[in-house]
Structure formats: C-alpha cells, structure tokens
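Residue numbers (my numbering): 41 to 603.
Data first, discussion second: the structure below is written as structure tokens.
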Amino acid sequence: MKKASRYRAVGGSLLVAPVLMLCATGQANAFSIDLGNPDMSLRWDNTVRYNLGFRAQDCDEDICGNDLGRGDVTAYQSDRKFADAGDVVTNRVDILTEMDFVYKGRHGARVSASGWYDQAYDGGIEGDRALDASGVGNGAGRDGDSYSRYTDRWNNGPSGEILDAFVFTGFDIGSVPVDFKLGQHNVYWGESLFSFVNGVSYQQGPVDIRKALATPGTEAKELFKPLDQISMIAQLQPDLTVAAQYLLEWKPMLIPDGGTYFGAADGVSLGGGGTVFGAPLEVTGDPKKEHGDWGVSARWSPQWLDGTLGFYYREYTNRFPQLVTTSIGFIPPATVFPTGTGIDFSSDKREKLYGVSLSKQVWGISWGTDITYREDAVLATTPFANFVSEGTDPDTWVPRGKLWSGVFNGVAYFSQTPLYDSASLTGEVSYSYLDKVTENEQNYNGKGYNCANDRIATEIACQTRDAVGASLLFRPTWYQVMPGIDVSMPLFVDVGLHGNSPVMFGSNEGQGSWSVGVSADIYARYSVDLKYNGFIAKHSDDELGVGSRSNAALGKYWDRDWV
Numbered sequence: 041m042k043k044a045s046r047y048r049a050v051g052g053s054l055l056v057a058p059v060l061m062l063c064a065t066g067q068a069n070a071f072s073i074d075l076g077n078p079d080m081s082l083r084w085d086n087t088v089r090y091n092l093g094f095r096a097q098d099c100d101e102d103i104c105g106n107d108l109g110r111g112d113v114t115a116y117q118s119d120r121k122f123a124d125a126g127d128v129v130t131n132r133v134d135i136l137t138e139m140d141f142v143y144k145g146r147h148g149a150r151v152s153a154s155g156w157y158d159q160a161y162d163g164g165i166e167g168d169r170a171l172d173a174s175g176v177g178n179g180a181g182r183d184g185d186s187y188s189r190y191t192d193r194w195n196n197g198p199s200g201e202i203l204d205a206f207v208f209t210g211f212d213i214g215s216v217p218v219d220f221k222l223g224q225h226n227v228y229w230g231e232s233l234f235s236f237v238n239g240v241s242y243q244q245g246p247v248d249i250r251k252a253l254a255t256p257g258t259e260a261k262e263l264f265k266p267l268d269q270i271s272m273i274a275q276l277q278p279d280l281t282v283a284a285q286y287l288l289e290w291k292p293m294l295i296p297d298g299g300t301y302f303g304a305a306d307g308v309s310l311g312g313g314g315t316v317f318g319a320p321l322e323v324t325g326d327p328k329k330e331h332g333d334w335g336v337s338a339r340w341s342p343q344w345l346d347g348t349l350g351f352y353y354r355e356y357t358n359r360f361p362q363l364v365t366t367s368i369g370f371i372p373p374a375t376v377f378p379t380g381t382g383i384d385f386s387s388d389k390r391e392k393l394y395g396v397s398l399s400k401q402v403w404g405i406s407w408g409t410d411i412t413y414r415e416d417a418v419l420a421t422t423p424f425a426n427f428v429s430e431g432t433d434p435d436t437w438v439p440r441g442k443l444w445s446g447v448f449n450g451v452a453y454f455s456q457t458p459l460y461d462s463a464s465l466t467g468e469v470s471y472s473y474l475d476k477v478t479e480n481e482q483n484y485n486g487k488g489y490n491c492a493n494d495r496i497a498t499e500i501a502c503q504t505r506d507a508v509g510a511s512l513l514f515r516p517t518w519y520q521v522m523p524g525i526d527v528s529m530p531l532f533v534d535v536g537l538h539g540n541s542p543v544m545f546g547s548n549e550g551q552g553s554w555s556v557g558v559s560a561d562i563y564a565r566y567s568v569d570l571k572y573n574g575f576i577a578k579h580s581d582d583e584l585g586v587g588s589r590s591n592a593a594l595g596k597y598w599d600r601d602w603v
C-alpha cells in the first residue's frame, strides 16, 4: 500500500465530528512555472475549502442546564455557545498554498501555508450565552464574553500559519543513495491508519485535533503539525532501507479551546486566557522544549516475504497536556480547594519506543500491523489531582509505566457490482496493555489505583489494564453519474470495544463516532461533500446533580451532532 493513502486515512479518522455539513473544496490555482531550464521545475498549488455546519439538536440539559440551574459546570459553557438546533457552528473558509522547487530531481525546497476565517466565531459570546464565571471554568476569556487572543486566532481568524518549510537534497555514497531533509516537515513511520495512539508513529508529531474537528476533510499534512527537524533515508540494499530523524524543536498536541463548540472543558486552552475555579488558567512548564527527540528505523523487503518488515526505535517527549493544580486555598477546619490551575508540560523525560511493523498483500487485501513496547510511557493522570507549584520536579508526580500497544488493519478493493461501480473497505483494530506502573502510581487514574470502587467510576471514569478499539470505513463509488462527476458515499464508524486506554486519547469502551456522507468529485478538480457525523457516547448523569460524567477521551460531545 502506498504510504500517502495511509496518511490520508489517518486524517480521516480524526475528521469524525458530529456534523451534517456542506464542504466544498476546489483547486483554485495549480500550475507549473517555466524557469527556462529543463533541470529545474517550480510548481504552485492553491486549494480553497469552504465548510458550513449546523447543530442538529438542542444542548443536553444535563450539560447546559435548565430553569432549575442544573448543568455540567465543567462543560456547559462551551456547549451553550451554540445551544439550539439549527445554530451555525462553523462558517469557515480555508486556503492551502503550496510551492515546490526541484533541481535535477534530487535537490530543492518546499514551502506551504494555510489561512482561515470562521464567521461563526465573530463577536465572542453575548447575552444569556455569555461564559460567566458561575461554573468551574470560564472558557471564553477572563471578561466572560469575548475570546482570548489565542482562542480568537485559532478559531475565528482571519489568521494563518506556515506549515512545511524545508530544503532537501540527495546524493550517492558509493552505490548507496541517501536523501536528506532539513527544516519544518513531517515524518511518519509505521502502518497505522486510524489510531495515532497505538502505532509506531505515536507522538512523532503534534496532532491538531482542533482543526480536524472544525474543518472536516482537512488533509493529513494539515492535521499533523510539521516540526523543525533533520531526517534522512538511505537505500542500503534493493530490499533494505534505513531512516533517521532528529527533532530541532518541540510542540504540544493541540486541543479544542474552552468556549468553542468542541471545547474539551470550560477554561482549558493551551493558550491560557480562561479561568478555572475563578483563577486564571496557567500554562506551566516550557511548552516549547529544546531539541532532542529522535528515532531510527529500518525497512526490509526480502523476496521470500513478499512484504515489508519495519523495525523502529524512538525517544520522544510527551506532547499531551496534563491538568494540574498550581496553588491551593484552605477553609477551616478542613476544606482544601484549588485557587490556581494549569496545563503542565514541565516533564522532559523521554519515553522509549521499540516497534515492529509488517505490511503484506494476502488474498488481494493490503494488510498492515504495528506492535510497540514503550518504557517510561506517560499514563493517564487524575485531572487536577496533582499539586504542581513552581519548581516542582515532574518526576515526583507524572505517572509512568511499561506499555504494549498495536494496530492491525486491512484495505480491500471491490470491482463493479449491481450496487456500485467500485468500493473500498478499510478496517483497523487497536490494542493497548499496561504491563506495569513504574513511577508515581499515586497519580495514575486507573482501576485498582486511584479510582473510586463504585460502578460508575469503574465503568466510566477509570482507566483499565487493557483496551480495544475498532474503526471501519466503507466507500462505494459510482463513476460518471453526470458527465465529469463521480459520486461516493463514505460510511465510517469508530468505537471503543473494551476497556479505557491506560494512556490519554486512546479508545474508551462505548465511546466513539460515526459518519454518513455523500461526496461528489467534479472534473477531478472540485469536490463537494455532504455529511452527517455524530458521536457514540457512554455516559451517566452525575449523582450530585452537577453534570454528567463520561469516559470520553477528549470532551462531552454526545449532544453535539451538526445538521
């Protein structure tokens, strides 16, 4: 299987947001520039995407509250920004521009950039939807009715960012061809299609979940944030390739901001600006660590195997945010409460990953698998359970362990039948298993460790020893429905089958997402998509009457279908 198709599929798994939306994409300008030299080529491509989405149902009272004031004080403010069925939740224009220069086929440079504007976030939050400070978190900004500068930039705009910005070269060392890249670019290893948690590529780059949810159809190269790094590939033998990367910077995984439609929790934003328990949210530690993450790989394709084996070793720093308490107050005689909260990135101890992958064609199906073993893996932490004052050594509170994980997937293609002209079926199963907690088990949010031993906590709130998830994508296609127009109908489901992942953002039992859509490819130049996307949710009303608990990996989205 071609790697490009796999990386697009990875993006597809993240695009499953609860939406019936209209997405139109067009290649506004794509052309080659004649430089007058046959050894040089210059290409400039521009792609414009427009997304329009509507909320399908009213905000769930268990989250947004009702006349009696009930609601989930950790999430209701984000949800009620667009509280009513029919509210426009995204009205967004994106542009991607890409320029590639190549000299003699092996030397050159690439620059790409994206820009966006979402009219749905104009004006902040007004009236009875204003994000006042009555809840646990205030996600809009400290004044309660306008977004922070950070939230406004990444959700409203107009704004933009540089994506790729690198140079590349290639030469032969004896009979061995070697290729190098230097600058801001992506490197992905392994065979994972949908899971970015259980494959070899885990933490190989920061994932922008915010953009994936806000802009369905975003290409993988826009979802995985490029990093400054040096990478190389050498073809040692016709059947043996080795590769390496050394990262020159560090960036965190990006999550949806509090106060937005997909806000993970009120007040939580990697840019700060919100409040939690009435105190400003702080980003503690250094969110832009020094260089040092690295990895090496080898891919072997012996003739007798008729496939490719991959071997990997990587060392990397955790990119997932940790919610912590930065200061505490005390009310006599015995009530302790947080007066400061933060998102902590101070831990710079690197995880170690040993991985093996296999890709092979059997029975006409492209199979792929990754198996990894991780040492010092950062485990799911009990939110706000850790007191992290300035200067606190993260090695005293970050829970870590030894973890096995893997994915197994297959892609099958079908020829014409009475129901369709062609079709593809892609499936993947992911698995994780906690072998042992090695550090700070007092802060691991696991069953048998620090979770209450009641049914709700055990089934919903606790991480378990192992977890299994599955994803399935079926796409039938009909060619030339009208002159120059091909139509497909992508059907997707992703769900946790067993257990809650020991690490953050993995699969959770009974939690998932699904999507049904129709896509038209017009003259191989434009595309129009209509989709309904929704969430599968396992949740329970909080017995204290202050909200609803869920084993969601990110946020409480079960009422946020778009129409």
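Note that CB positions come from ideal geometry on N, CA and C, so glycine has one too.
These numbers were taken from a predicted model, which means no experiment stands behind them.
What three-state label does DSSP hand Asn226 in the structure shown? coil
Assign Ala501 to one of three DSSP states: helix, strand, or coil. helix
Residues near Asp119 by beta carbon distance below 6 Å, same chain, minus five either side: Excluding residues within five positions, the ones whose Cβ falls inside 6 Å are Cys99, Ile103 and Cys104.
In chain order, what residues of the same chain lie with their CB nearer than 7 Å to the CB of Ser528, ignoring the 5 residues before and after it? Arg515, Pro516, Thr517 and Ser559
Within 10 Å of its beta-carbon, does Gln224 have 16 or more other beta-carbons around it, so buried, or fewer, so exposed? buried
Helix, strand or coil for Leu263, going by three-state DSSP, please let me know. helix
Give the secondary structure of Gln401 by DSSP, where H, G and I count as helix, E and B as strand, and everything else as coil. strand
Go ahead and pull the three-state DSSP assignment for Phe122. Three-state result, Phe122: helix.
Report yes if the CB atom of Glu355 is closer than 8 Å to the CB atom of Asp333, and no otherwise. yes
Residues that Pro320 bridges to, as DSSP identifies them: Thr315
Taking DSSP as the reference, what is the three-state secondary structure of Asn485? Asn485: coil per DSSP, three-state reduction.
Identify which residue in Gly230, Trp290, Ser386 and Leu310 has its Cα closest to the Cα of Gly298. Leu310
Start and end residues, alpha helix (DSSP H) containing Tyr352: No alpha helix (DSSP H) holds Tyr352; the beta strand (DSSP E) holding it covers Gly347 to Tyr356.
Cβ atoms of Leu398 and Thr409: under 8 Å apart, would you say? yes
Candidates Trp156, Asp526 and Thr466, of which the one nearest Tyr460 by Cα: Asp526
What residue from Tyr242, Ile249, Thr87 and Ile295 has the CA that sits closest to Tyr352's CA? Tyr242
Does DSSP classify Thr191 as helix, strand or coil? helix
Alpha helix (DSSP H) containing Glu101: first to last residue? Note, Glu101: alpha helix (DSSP H), Glu101 to Cys104.
According to DSSP, is Leu108 part of a helix, a strand, or is it coil? With a pLDDT of only 47 at Leu108, under the threshold of 50, the placement of this residue in the model should not be trusted; the figure read from the coordinates follows. Three-state result, Leu108: coil.
Taking only the alpha-carbon atoms, compute the straight-line gap between Ser553 and Gly574 and give it to the nearest angstrom. 6 Å
Return helix, strand or coil for Gln159, following the three-state DSSP convention. Under the three-state reduction of DSSP, Gln159 is assigned to helix.
Grab me the residues of Arg505's own chain with a C-beta within less than 6 Å of its C-beta, minus the 5 sequence neighbours each way, in chain order. Leu474
Looking at C-alpha atoms only, which residue of Ala96, Phe141 and Thr130 is the closest neighbour of Ile73? Checked all of Ala96, Phe141 and Thr130; the closest Cα to Ile73 is Phe141.
Please list, in chain order, all residues of the same chain as Ala284 whose beta carbon is under 6 Å from its beta carbon, the five residues on each side excluded. Met272 and Val336
Can you tell me whether DSSP reads Asp134 as helix, strand or coil? strand
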